[in-house]
Each structure stands twice: as structure tokens, then as C-alpha cells.
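In order, the protein sequences belong to chains A and B.
Counting from 1, position 126 in the first sequence corresponds to residue 126 in this note's numbering; the numbering is continuous, with no gaps.
Counting from 1, position 430 in the second sequence corresponds to residue 430 in this note's numbering; the numbering is continuous, with no gaps.
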Amino acid sequence: MTAWKTFVGSKIFWPVMALVALLAANTIKTTRFVNIRVQDGHLFGALIDILRNSSPLLLVAVGMTLVIATRGIDLSVGAVVAISGAVACSYIASSADPTGVVTVLTAVGIAAVLSLVLGAWNGFLVSVVGIQPIIATLVLMTAGRGIAMLITGGQITTINSPPYKIIGSGYWLAVPVAVLISGGLFAIVAFLTRRTALGMLIESVGINPQASRLAGVQARTIIWTVYALAGLFAGIAGLMISSNVMAADANNAGLFIELDAILAVVIGGTSLAGGKFSLAGTLVGVLVIQTLTLTVTILGVPPAVTPLFKAVVVIAVCIMQSPVVRARIASRRRVPVIAPVAAKVGA
Amino acid sequence: MTTSPVVVEMRAISIEFPGVKALQDVDLTLRPGEIHALMGENGAGKSTLIKALTGVYTVDSGTIVVEGAEHAFAGPAAAQAAGISTVYQEVNLCANLTVAENIMLGREPRRGGSIDWRGTRSAAATHLARLNLTIDPRSSLSAHSLAVQQLVAICRAMVVDAKVLILDEPTSSLDAGEVQQLFTVMRSLRDRGVAILFVSHFLEQVYEISDRMTILRNGQLVGEYRTSALPRLDLISKMIGTSLEVLEQLEEAPKQSVAALAHTVPYLQAIGLGRRGAIEPFDLDLYAGEVVGLAGLLGSGRTELARLLTGADRSDHGQTRMGDAVVHLRTPRAALDRKIAYSSEDRKAEGIVADLTMSENILLGLQAERGWTRRIPARRADEIVQQYIAALDIRPPNPDIPARNLSGGNQQKVLLARWLATAPKLLVLDEPTRGIDVGTKAEIQRLVTELARDGMSVVFISSELEEVLRVSHRVAVLRDHHKIADIENADVGVDDIVELIASGGRAS
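Below is the structure:
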């Protein structure tokens, strides 16, 4: 009972309710929605689709959560997604053996290291040079797509490489590989932030940078680390996205993914003002956004009003979890506690 | 007491905040054509009184009479309408607008629904001329020095034909020449019959410019005096007060200074250490087992000195030695690595991490020292936290509540615990007892004495001289960003320190 009350009072309650409502609406519309069947030893079903489609966004949003916790923001992740995919696909396309495992591993390695470096560049601008995060990452956001165009030569680079395809659409032990990758990395980050002191130090820097500095916290290193991590994760997301379509599209890969990621973080209850963050909240936020996308198709919402439909749901969630509304609800919930007593006296 | 007419009369003003009596029965009288100084140390209630007069706070009891009419100001706009204008410490202007736009902001002459810019500029020029200021109204405000911006702010305040002008710490960031510029303007306003209320921590300036002063202490009125009739010495002792008998039972610490013993080597030596605009170069030796008190009024450079010792700010003069080696304390982290901890005077902005729990706040310093990979094992963390909760009697003794929910005194204890957990050899405490109750104050003083006895070197800063004298073996006296004396705390009384501050160290 008290655990339930804590849950109801927590920031994550309304996002979870939104997710449940969306899933319920889909199930009512078509009962097949909840079915998960095994076909050729692979799991299939709408829920599995949601998880697989969520994978890249989850990775980007996890990185974004940590960046936002330090009072920062990273607008460049979408561009990093494009660059990473472009680098990997171009390398594979130009190699002598596009289907070789070694080729694919090298491509993945190059793309990951490059993404890490790009993230570290953002961290450098923010923590050492002292540029405001939104401006610092705006540089790479705009320049990044140019870099990706340069790599692909302005073309959509399509490749044919079965090993590379595994990242985005392969299965392992019946589960989509993309889900395993993002789930695994999510678990590692959760472990790193909550089992080491990293999470507390990140929050400390986000809540009160001055006090943290005086307490000897190396804010610069921490900020640098979270941006580098955000870059790396965006890069891996970029590999997934390009692997899924077996092509690198410098213009459209990961377009607006930074906004979806920020939205997921906010829905998950992490404040843009920095400080306390919730990775579980971000996970729920990502699932809400992805389920919403699928819901639009299942409910047959006309394409023209799709953005409006999404906006209404997101706004509703944000309003429900805003401090003002939550305080209102909390104060109203107290009223019935008194009311039955009064009724008894009246009777 | 005087026959001159009165423009503002505040009688028996009381204001209470949750748990704090900010003002109790305070009177203030302002007369036209007079510069009136409002004096008092930190927390004396100066800003609260000003905010009552300017309508920012509503008074709980007492009356405010302006030109014979009683007022209960509903807000700053109401006070302004009654002829009371204020220029705050931080310049409240828009740096990217022009001087004219700033002066006339919100009162621009209009023509057919749009702003008459030519009229605005000429009106601003008129107002500037009335103060004999030769500032180009078309220039951008940000192109001017802080002093000129301050003058523009005054000009803006006088646009409404204020009868009362309140200047809250207008000189804190001005140099000597700029102060004179400001004073010229203040005098001309006074001669025109404006009543000026002037707040400053610089005694010299108060004596130079003010005709009369009202002194507050701990939210209570000490009295109103003619400046010419009140010697500096009396002013300082009235501001600081001598009313802390409650704490007198605190055991007498051995006041034998370690420095007096031969062949001891200082733990840390500051040689000609200084930073431009913050503290003039000073020498200071700190010994293990000794408490050095820093005495001086607010703004005398106490905090600036402490920040140089602990790497919170970088020095641009001199050097720091530890043992035989010169050390470079460029960051708080570098200082902590050498076991030097600094507890800032600004508990909220530079101490407590409000959204973290009490436990996390206590462990923050130690954890930062270990780095993020080596998390303090849960059991050890628990031991440390419980140990300090018990030793310092932190209440409520629940390590999991957010630090923001603790009272000021308990937040201070949490910060002390944070620094003690890092096992410092030199602990610099800046105003560790400010704004906390008498009992906690005594506990902290006792703790400081004990820490020194156990071999720690402590620097203790406080606005209360009694407190400094009670805990220190040695006292360094500061005034106007200079260290003016370094004396053994043997048979030294508050009066001696006060005299040192008043005379600037020259007399001794």
C-alpha cells in the first residue's frame, strides 16, 4: 500500500500510466497486439517491434540523460548518428570484402571511436572552453551533417553486408540483437552510475557546481565524460539505424532524434535544470514515444493529424507530471480523508 | 531632539520570518537634506528594514509615515509612488540598452502610441544635466564603468522626483576616485533637499558623507546618532555588541600560541600572497595545533584571504609554502589533496548540495577525493555518516532526507562533517556559526578547540569578535583588504581589536 502510494507520488507514475493506456488502447483495437509468437526461432509481434524500434532512441536518450543531469544538453547526437552510419557504410562499401566479419568489425570500431571523439569534442567545448552547452553542441549539430555528406560524397551509400545487417535486424537467442545491445548498454550505464559514485557526482555537479568544486569534485572530467559517452552512444545508435536499412543517409538518418531523446528524458522526470536523473524514467519515456508512433498506425490515425495526436499525448503527460499539477492532485487527494468522517457525523 | 522636518518616519517596525525575528521594534527617521547612514553587521536587519521601506516586505507591526501620511505599501511600485526610490547593490539596469533608454525605461515620452525616441533622449539629457553628469545619453550602458552605471542608476531613480533616495552598498565595487564622483552627486542631491539613506560597510566613507546614522544589531535598534558625535570606536563596538555572556561558560582554551614556541615549523606559510582587487599581499604562518582567527568587518578581505589559502581562488602574487616546498594551490581539489579544506561562508551557494541527501552531502568531499570509480563501500559510508551524526548531533538523525530540509545549523554541521571526513590537516572555516542558534554555536566553537588540540591547524573567520577571541590562539586583523596586524591572543580584548580596526593598525 505504501509502496503503491510512493509510486503514485513519484514522477514516473504518469509516464507509466500513459504507457499502460497506450498499450491498452492498442489491445482493445486489435487483440493481436499483445501476441508474441515464435517464427523461425525468432520472436515476433507488435511489442517486440516497439522494443526493437526503441533501441537507437534509448541509447541516445541514455547519453542525453547524463548530459542533462550535469545541467547540459547535447543537440549534436542526431548529426553523430548520421556520421557514424556514414563512416561505417562507406568503409564497408569501399572495402574489398564487404561481407567479411573483420571488415564489419573494423567499420564498427572506426565509427565508435569517431563518435567518442566527437562527443569528447563537445565535452571539451563545454567544460574547458566554457561555451554554453546548447551553443557548443549546436556547432556539431549543423556541421555534423555536412561532415556526413562529405563522407558519403552526397550520395545515399547502400551496402550489402550480412554481418553488418545483424546489428540492426539480426536475432540472437530469439531476441533482436539491437534490443540486446541497447539493453546491455543501458544496464552497464545503470550499473556505472548507481554502483559506483559516478551518478552521485554527476548529480552533485548538476545541482550545485560551485559547492561541488569546493568539495573537490572534478567537474571538468565528469562533464567531459558524459559528453563523450553521449557521443559514443549516438554513434552506436547510428550503426543500428544504418544497419536496419543497409544504407547511410547523411541527410535523414537520426533527423530530430535529439529532440525525441530530450523529450524522453523530460517525460522520464529528469529536470532540464540538471541534478537528479532517472534512467528508468528515460526508458519509460522512450517506450512511450515509440509506442505512440506505433499506436498512430494501429488506430489508423490519418497521417495529416499524426503530429497533432502525438503532441496531445506528450503535452498531457508533461502537464500531469508538472510540479504544479502534482501538488494540486496531492492536495485534492487529502480531501476525501476528511469527508467520510464528516458524513458519519451527519448520519 | 531636532527641529528639522521629517520626511520618513518608521516607528516600532517588526518583521518576522518563519522562525526568525528579523526586526524588532526598529525606528528610523529620515530628514530632507540629510544623508543618513544605516549601520550594522551581517544579519543585523539592514536589508530587511530597507525592504520594509521600499514595499518589498510588508511589516508585521509598526507604522511608516511618509510626509505626514501613513502608508502600508502593497509593493515597490506603491513606495515609488510615495517618492521613495532605491538603487540596489547590484546595478539593476539593462546593459545592452543605451543610457537614455535605461534612465527613461517605462517612462518614455510617447507620441501617438509609439515611443518618442528623440524626446526620450532629450529628457534623459535633462535628468543627467540636473545631476551635473556629462554622460552621452546615446551611448550604450555597457560601454561605461560600474561607477558610471551606478550614477546612471541614481539618475534613473531621480526621474520620478524622489524625496527619498536609498543607496544600498553603492560603493562596494568602486575605486577611490569613483567614490568621490558618487559623493559629489550625493551631496548635490542632499543640498537640493533629498533625504538619502546610505548603506556601506566602509567606515571611512560613512564618516565622510553621512550626517547622521542609525545602528542596528541582531534585528534591534541600537540607536540614532549624529555622525560627528560618535567616535569610530564607539560605532564599531555598538555594531558588534558585547552581549554573548551565554557562551562565557565555554571552557577556557589554552591560549598559548604554538608559534611562540621555538623550533616549530609552520604547517603552511603564505608569503606575500595576494590577488588584485581582492586582498593585498599578506604573510601568514599557520601551525599545527593552532587556531588562527581572522578579525575584520565584512568586506575587509577575510573571505578573500581564506579563498587564496585554500585554492578556491588563484593568487596572482606571492607563494604558498608547505614545509620546504612551494605548493601551487590552483583548485580546491589541489588543496584537498594536500589535506586543506575550506568551508565557505555561503552555505547555500557554495556548501550544501540541496537536492542530495544528508548522507551524500557528508560523503561528497571524501568521495571526490577517492574518484568516482572507488565508491565508498556502503558499510563504511554508513559508519562515517552515523559517526558524524552522533558526534555533531545532527538532527533529525536521518541520513536519507534531502539536505534542503535541514535547518541552517544542521546544514552547517553536515558541512563540517563533510570536511572532517576528508581528515584535513588545515581546516579553514568561514563564518561557520552565521545564522545558527546559540547552542549550536557553542558546540561548533568547542569542536574547533578540540580539533586544534588534536593537532589540526584551523583558520576561523567570524563577524563576531568575541567568538574569534574565544577560540583563537592568534588573531590576524584585516581592514580594507589589508592584513594590518597579527597578534597573540593573550590578554587581548574585543576593545583592542576594535581599536586596531578603527585606527588601521597604525596606533599599535
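Ideal placement from N, C-alpha and C gives every residue a C-beta, glycine not left out.
Bear in mind that the values here come from a model prediction, so they are computed numbers and not experimental data.
In chain order, VAL317, MET320, GLN321 place their CB closer than 7 Å to the CB of TRP14/A, counting only its own chain and leaving out the 5 sequence neighbours on each side.
Distance check between SER457/B and each of PRO266/B, ARG434/B, GLY301/B places PRO266/B closest, using alpha-carbon atoms only.
Identification of residues in the region 344–364 of chain B having a C-beta nearer than 7 Å to some C-beta of chain A yields SER344, ALA349, GLU350, GLY351, ILE352, VAL353, ALA354, ASP355, LEU356, GLU360, LEU364, given in sequence order. Three or more Cβ pairs closer than 8 Å define a contact, and the region 56–63 of chain A meets that threshold against the region 272–292 of chain A. Sequence-distant partners of ILE36/A (beyond 5 residues in either direction) whose C-beta falls short of 8 Å from its own C-beta, in its chain, are LEU43, PHE44, GLY45, LEU47, ILE48. If you check each beta-carbon in the region 205–236 of chain A against every beta-carbon of chain B, the ones closer than 8 Å belong to ILE207, ASN208, GLN210, ALA211, SER212, ARG213, LEU214, ALA215, GLY216, VAL217, GLN218, ILE222. A contact between stretches requires three or more CB pairs, one per stretch, nearer than 8 Å, and the region 65–81 of chain A meets this requirement with the region 230–250 of chain A.
Between the C-alpha atoms of ASP355/B and ARG379/B there is a straight-line separation of about 23 Å. Look at GLU450/B here: in three-state DSSP terms it is helix. Under the three-state reduction of DSSP output, GLU34/B falls in the coil class, being neither helix nor strand. Minimum Cα-Cα distance from ARG326/A among the listed residues THR2/A, PHE7/A, ALA3/A corresponds to PHE7/A. Taking 9 Å as the threshold, the shortest C-beta distance from PRO32/B to chain A does not fall below it.
SER142/B counts as exposed, since fewer than 16 other C-beta atoms from the protein chains shown sit within 10 angstroms of its C-beta. In this structure, ASN26/A lies near THR291/A, with their beta-carbon atoms less than 9 Å apart.
9 Å or more divides the Cβ of ILE64/B from the Cβ of ALA77/B.
In this structure TRP419/B is buried. Its beta-carbon is surrounded by 16 or more other beta-carbon atoms within 10 angstroms. The beta-carbon separation of LEU185/A and TRP172/A, rounded to 15 Å, does not stay under the 8 Å limit for a contact. Cβ contact annotation for MET141/A (same chain, cutoff 8 Å, sequence separation greater than five): LEU75, SER76, GLY78, ALA79, GLU258, in chain order. Counting along the chain, the unbroken alpha helix (DSSP H) around ILE241/A starts and ends at 219–245. Cβ contact annotation for SER95/A (same chain, cutoff 7 Å, sequence separation greater than five): THR103, in chain order. For ALA12/B, the CB contacts under 6 Å within the same chain, skipping 5 residues up- and downstream, are ASP25, GLY62 in chain order. Taking ASP382/B as reference, the option from PRO109/B, LEU167/B, ALA421/B with the minimal CA-CA separation is ALA421/B. 9 Å or more divides the Cβ of SER315/B from the Cβ of ASP430/B.
Under the Cβ criterion of 9 Å, PRO332/B is counted among the residues facing chain A. Close partners of ARG314/B in chain A (Cβ separation under 7 Å) are lacking, with about 13 Å as the shortest Cβ gap. For a Cβ distance threshold of 9 Å, nothing in chain A lies close to ALA421/B: the least Cβ distance comes to about 11 Å. If you compare the alpha carbons of ILE352/B, ILE84/B, GLY75/B, VAL7/B with that of GLU67/B, the shortest gap goes to VAL7/B. Residue pairing by DSSP places VAL475/B opposite GLY293/B, ILE487/B in a beta bridge. Under the DSSP assignment, MET322/B falls in the beta strand (DSSP E) whose first and last residues are 317–322.
Sorting SER115/A, GLY183/A, GLY275/A by C-alpha distance to the C-alpha of LEU51/A places GLY183/A at the top. The straight-line gap separating the alpha-carbon atoms of GLN412/B and ASN398/B is approximately 16 Å. Every alpha helix (DSSP H) stretch that sits fully inside the region 11–99 of chain B and reaches 4 residues is listed by chain position as 46–53, 76–81.
Burial check for GLY365/B: the Cβ neighbour count within 10 Å reaches 16 or more, so the residue is buried.
DSSP, reduced to helix, strand and coil, places PHE124/A within a helical segment of the structure shown.
Proximity to ALA37/B across GLU290/B, LEU197/B, GLU208/B, ASN489/B peaks at LEU197/B, based on C-alpha coordinates.
The beta-bridge partner set that DSSP reports for ALA325/B consists of MET322/B.
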